[in-house]
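Residue numbers (UniProt numbering): 1 to 187.
The beta carbon of each residue, even a glycine, is placed where N, CA and C say it ideally should be.
A short worksheet on the structure shown next.
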């Protein structure tokens, strides 16, 4: 999101997640039920410019956009190794961390966001999952994936052990979220 001060415009209750020190970003979170959560990331005006592009193309956004999704895995190194053996490389595993506003340190490992609509992988290890402390009240109703090559995307999902339908269409993601104030669709 280009400006987190406008996050309320999304129509979803969000709670402060924390700052990504050195990356020039901070996040807001909403629990979506079933261990899923929405992370709204934007520039952190209280941090210096990071000296490199912010993640998820944040510096190029002019409006909120659903740019990526993640799949929670256990033993991320093993999942990456198995995916590579089946012809899909989700990228290198990178350790990350951030401090919540209450001072609790969260640590995790992830693979990078790659072009297209396949998810990046995230392993929370022993860290408390962010959905447990995120704003409540929203529910993910529908998640849709589309791509001009749905068969290729579906194959990548299967390699990761995922079974999501993929529509033939422009490359994109769409989430329909039920909130106390009605339905919100993010694209």
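* Which whole runs of the beta strand (DSSP E) in the segment 77-165 are 3 residues long or more, in chain order? -> 94-99, 105-110, 120-123 and 139-147
Review point. With 16 other CB atoms within 10 Å as the buried threshold, where does residue 18 fall?
Key: buried
CB of residue 12 within 8 Å of CB of residue 176, strictly: no
key: Opposing strand residues paired with residue 36 [DSSP bridges]   = 33
*asked:* Looking at the secondary structure, which residues open and close the beta strand (DSSP E) in which residue 23 lies?
replied: Counting along the chain, residue 23 falls outside any beta strand (DSSP E), and DSSP gives it neither H nor E.
- [ ] Run the CB neighbour count on residue 27, radius 10 Å, all protein chains shown included, and call it buried at 16 or more, exposed below.
- [x] buried
Under 7 Å Cβ to Cβ from residue 24, same chain only, skipping five residues before and after it: list those, please. 43, 44, 47, 49, 50 and 54
Quiz item: Counting pairs of Cβ atoms below 8 Å between the segment 160-168 and the segment 136-151, do you hit three or more?
Solution: yes
**Q.** Selection from 71, 85, 59 and 110 that minimises the alpha carbon distance to residue 4
**A.** 59
8 Å Cβ shell around residue 83 - same chain, five flanking residues per side excluded: 89, 90, 159 and 160
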